[in-house]
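Notes follow the structure.
Protein chains: 2
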Amino acid sequence: MKATAKAHTNIALIKYWGKRDEKLILPTNNSLSLTLDGFYTKTTVEFREDLTEDIFYLDHKLVTDEQYHRVTKFLDLIREYAQEKTLFAEVHSINEVPTAAGFASSASGFAALAAAAARALNLGLSDQELSKITRQGSGSACRSIYGGFVEWHKGMELDGSDSYAVPVSPQDHWDVRVAAVVLSAKMKKVSSREGMRRTVETSPFFSSWVDSIPSDLEDIKQGIKERDFEKVGQIAEANCLKMHATTLGANPPFTYWHDTTLAVMQTVQQLRENGIPAYFTIDAGPNVKVLYLPENEEKVQDILREIPGVTDVKLSRSGQGVTYI
Amino acid sequence: MKATAKAHTNIALIKYWGKRDEKLILPTNNSLSLTLDGFYTKTTVEFREDLTEDIFYLDHKLVTDEQYHRVTKFLDLIREYAQEKTLFAEVHSINEVPTAAGFASSASGFAALAAAAARALNLGLSDQELSKITRQGSGSACRSIYGGFVEWHKGMELDGSDSYAVPVSPQDHWDVRVAAVVLSAKMKKVSSREGMRRTVETSPFFSSWVDSIPSDLEDIKQGIKERDFEKVGQIAEANCLKMHATTLGANPPFTYWHDTTLAVMQTVQQLRENGIPAYFTIDAGPNVKVLYLPENEEKVQDILREIPGVTDVKLSRSGQGVTYI
Chain A
1 MKATAKAHTN IALIKYWGKR DEKLILPTNN SLSLTLDGFY TKTTVEFRED LTEDIFYLDH
61 KLVTDEQYHR VTKFLDLIRE YAQEKTLFAE VHSINEVPTA AGFASSASGF AALAAAAARA
121 LNLGLSDQEL SKITRQGSGS ACRSIYGGFV EWHKGMELDG SDSYAVPVSP QDHWDVRVAA
181 VVLSAKMKKV SSREGMRRTV ETSPFFSSWV DSIPSDLEDI KQGIKERDFE KVGQIAEANC
241 LKMHATTLGA NPPFTYWHDT TLAVMQTVQQ LRENGIPAYF TIDAGPNVKV LYLPENEEKV
301 QDILREIPGV TDVKLSRSGQ GVTYI
Chain B
1 MKATAKAHTN IALIKYWGKR DEKLILPTNN SLSLTLDGFY TKTTVEFRED LTEDIFYLDH
61 KLVTDEQYHR VTKFLDLIRE YAQEKTLFAE VHSINEVPTA AGFASSASGF AALAAAAARA
121 LNLGLSDQEL SKITRQGSGS ACRSIYGGFV EWHKGMELDG SDSYAVPVSP QDHWDVRVAA
181 VVLSAKMKKV SSREGMRRTV ETSPFFSSWV DSIPSDLEDI KQGIKERDFE KVGQIAEANC
241 LKMHATTLGA NPPFTYWHDT TLAVMQTVQQ LRENGIPAYF TIDAGPNVKV LYLPENEEKV
301 QDILREIPGV TDVKLSRSGQ GVTYI
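Chains as they are written, first to last, in the UniProt record's numbering: chain A, 1 to 325; chain B, 1 to 325.
Structure representation (structure tokens):
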């Protein structure tokens, strides 16, 4: 009843922005991501008959706060699925996702937790089933089950039974790289959960955002199929800008951007003006991720590091899905 | 056949963003502005029988480029109105609107030109007629005919006959101040004309922007009536953010913001967190205008001047409409 799984984080190129069901974590739109090899969580789950409650260690430290409750609540779903309502687990997670890099460690975290827990109980889940259960821990985590480009189908059913991720191009590997640009900016003021909710409820731009997704998705999948980096980059950048536009219309309005965020965006545009294909995307925080091709790694990295207010640039490439150790 | 008029620039609190007729300069939405005393254009127009074409001096220099053609084209409208198709003018303009401050000198410029030309020919125009003709030189200029808070009615007619500005609160003076924060940033890459056009044609957010205007206008006019500075400031800031959101959805997307633009926005929000009511608004360029009350002038000015990348802060207060000298 013990298993260890490793899952990588992912960066959305077509953003997940807005929930249609907060409890089941059902999104208002399909999203598409690239799994990254640089950042991961490794989690061991051991179910033990002698435990009367779950125990959770993160980076060797016992966790008892809200993070613990998210883990327990998620293990309840696994227990329900396994019909083992009184079987508790000891969980050990090692997070190789620096919070400062602006990646949600919840994506790799819940993917690794779900995979290890399901394997520990020998649930024999298909990847789709695993993705579906993972989604209920953290939405974007459902994409981290797979490597490479991944699409999360929002689904239509009220119970979420058709809301899970699938690989977009499972056969071939395409070496697209991502630089995570870390800013010295402080923590974000509006959580992504609160930001989504406020935007869905109050932004006049939200419905246009949702309406614009199907054509973005179709185009970017075409670009991935054709390995057309500029097409993929352009659509990703434009999609990110649309997502951030919706927050400016919320009531009260807000933005995740800081001054250095803008400086990085401008630098990426300058790179393109100088003939280097590079594109940015930004999640619900101030940090920027820059997509580029391997041959431009040195130039891209050097230029990004020179921007005042940038404290670190972490490089990553297309990574694999969940693995078991 | 000679007259001199002085007109001030204005800052839109409900933005003019989108044209329904490019030739007649008819907007897609009503807008509302505050006329500012700090920045103005003084223009003398003399119609002379001996001239065979218009002559235009700006700041004592003869102008022959595109600016000259905009002036001549505008004087054609005046000539048409006066039924004096072969009467040309010598025009002298002095611009006290530093381009670097990010104010469109075309607002005060065309208001002063229209007023001086109409007066020189003794056309006996009402303010509304003058505003309507001014509009055809530069849209936002039609608001500079009046002092204080001014609303530009977009109008419904195809010929623009009901598209002109009117004063919002003609009776009483309210001492609201504006700091124009000048950035070291380079010239903007997308003109406001091109930016509007691209947004109208391609942004999925444009129709929601237009739909959101009537309630913003109603609320801000209520705020002006009640002299509720925080209400006026909040609506102005939110309206500006919505306008800039529309550009992020355009194809290709663009923004007028620079890194220092964001830094100023954040500083204004910090001012509020420290109990000082201050609100920003941004036109189609990187510079920021900050609204504040007289009692906070020193604090606001000091804090804005300290922001790295800010080269100057120019203070202004509510100004008067067109005057004749």
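Yeah, the Cβ is synthetic: ideal placement off N, Cα and C, and Gly gets one too. Given the structure is predicted, the values throughout are model-derived calculations rather than measurements.
| task | Please state whether DSSP places ASP21/A in a helix, a strand or coil. | result | strand
| message | Please state whether the Cβ-Cβ distance between LEU183/B and VAL290/B is less than 8 angstroms. | response | no
| said: Quick check: is any heavy atom of the ligand COA less than 7 angstroms from the C-beta of GLY147/A? | reply: By its list of ligands, the structure shown contains no ligand whatsoever, and the ligand COA lies outside what it can speak to.
| said: Less than 6 angstroms between C-beta atoms, sequence neighbours within five positions excluded: which residues of the same chain meet that for TYR57/A? | reply: HIS92
| message | Could you give the first and the last residue of the continuous beta strand (DSSP E) run that contains THR9/B? | response | 2 to 14
| query | Under three-state DSSP, which class holds PRO308/B? | reply | coil
| DSSP-derived helix/strand/coil call for ARG227/B | coil
| Does DSSP put ASN296/A in a helix, in a strand, or in coil? | helix
| Chain-ordered neighbours of THR260/B on chain A, where CB pairs are closer than 7 angstroms | ASP259
| task | Can you give me the Cβ contacts of CYS240/A inside the same chain, cut-off strictly under 6 angstroms, excluding the 5 residues immediately before and after it? | result | Scanning its chain for C-beta atoms nearer than 6 angstroms, with the 5 sequence neighbours on each side dropped, one finds around CYS240/A the residues THR281, ILE282, in chain order.
| request: Establish whether the CB of ASP211/B and some CB of chain A are separated by less than 8 angstroms. | output: yes
| query | Among the residues of its own chain, which have a CB less than 8 angstroms from the CB of ILE78/A, if the five just before and after it don't count? | reply | ALA114, ALA117, ALA118, LEU121, LEU123, ILE133
| GLY249/B at chain A interface by Cβ criterion, 8 angstroms | A Cβ of chain A is located within less than 8 angstroms of the beta carbon of GLY249/B.
| request: List the residues of chain A whose Cβ lies closer than 7 angstroms to the Cβ of ALA245/B, in chain order. | output: PHE205, ALA245, LEU248, GLY249
| field | Exposed unless 16 or more other CB atoms sit within 10 angstroms - verdict on THR52/A | value | exposed
| request: Go through its chain and collect everything with a Cβ distance to SER108/B's Cβ below 7 angstroms, but skip five positions before and after it. | output: Cβ within range, chain order: ALA7, HIS8, THR9, PHE39, TYR40, THR41, VAL97, SER144.
| task | Say whether chain A places a C-beta atom closer than 8 angstroms to the C-beta of PRO277/B. | result | No, its Cβ sits nowhere closer than 8 angstroms to a Cβ of chain A.
| field | Boundaries (first-last residue) of the beta strand (DSSP E) holding residue 382/B | value | In this structure chain B extends from 1 to 325, so residue 382/B is not present and cannot be described.
| task | At 8 angstroms on the CB atoms, spell out the chain D contacts of GLN266/B, in chain order. | result | Here the protein chains are A and B, and chain D is not one of them.
| Any C-beta of chain A under 8 angstroms from that of LYS231/B | no
| field | Residue-chain proximity (PRO253/A, chain B), Cβ-Cβ < 8 angstroms | value | yes
| Range of the contiguous beta strand (DSSP E) that encloses ALA89/B | 88 to 96
| Integer Cβ distance of ALA263/B from ASP259/A, believed to fall under 8 angstroms | 4 angstroms
| field | Span separating the alpha-carbon of LEU304/A from that of HIS153/B | value | 47 angstroms
| query | By the criterion of Cβ-Cβ separation under 7 angstroms, what are the contact partners of ALA263/A in chain B? | reply | Going along chain B in sequence order, the residues near ALA263/A (Cβ under 7 angstroms) are ASP259.
| message | Assuming ARG177/A is part of the beta strand (DSSP E), what are its boundary residues? | response | 177 to 183
| request: Please name the residue or residues paired with PRO167/B in a DSSP beta bridge. | output: VAL150/B
| Proximity winner among SER208/B, ASP172/B, ASP54/B, ASN95/B, relative to HIS60/B (alpha-carbon distances) | ASN95/B
| At which residues does the alpha helix (DSSP H) containing THR261/B begin and terminate? | 259 to 273
| field | Under 9 angstroms by beta carbon: chain A residues contacting LYS299/B | value | What LYS299/B touches in chain A: nothing, since even the nearest Cβ is about 21 angstroms away.
| What residues of chain A sit near LEU13/B, judged by a beta carbon separation below 9 angstroms? | Using a Cβ-Cβ cut-off of 9 angstroms, LEU13/B is close to nothing in chain A; its nearest Cβ partner there is about 15 angstroms away.
| DSSP state of LYS85/A, grouped into three classes? | Here LYS85/A sits in coil by DSSP.
| request: Please work out which residues of its chain come closer than 8 angstroms, Cβ to Cβ, to ASP175/A, disregarding the five sequence neighbours upstream and downstream, and give them in chain order. | output: Only residues of its own chain outside the window of five on either side were considered, and among them LEU293, PRO294, ARG317, SER318 have a CB closer than 8 angstroms to the CB of ASP175/A, listed in chain order.
| field | Beta-bridge partners of PHE56/B, as assigned by DSSP | value | VAL91/B
| said: If you follow the beta strand (DSSP E) that THR202/B is in, where does it begin and where does it stop? | reply: THR202/B -> not in any beta strand (DSSP E); alpha helix (DSSP H) instead, spanning 192 to 202.
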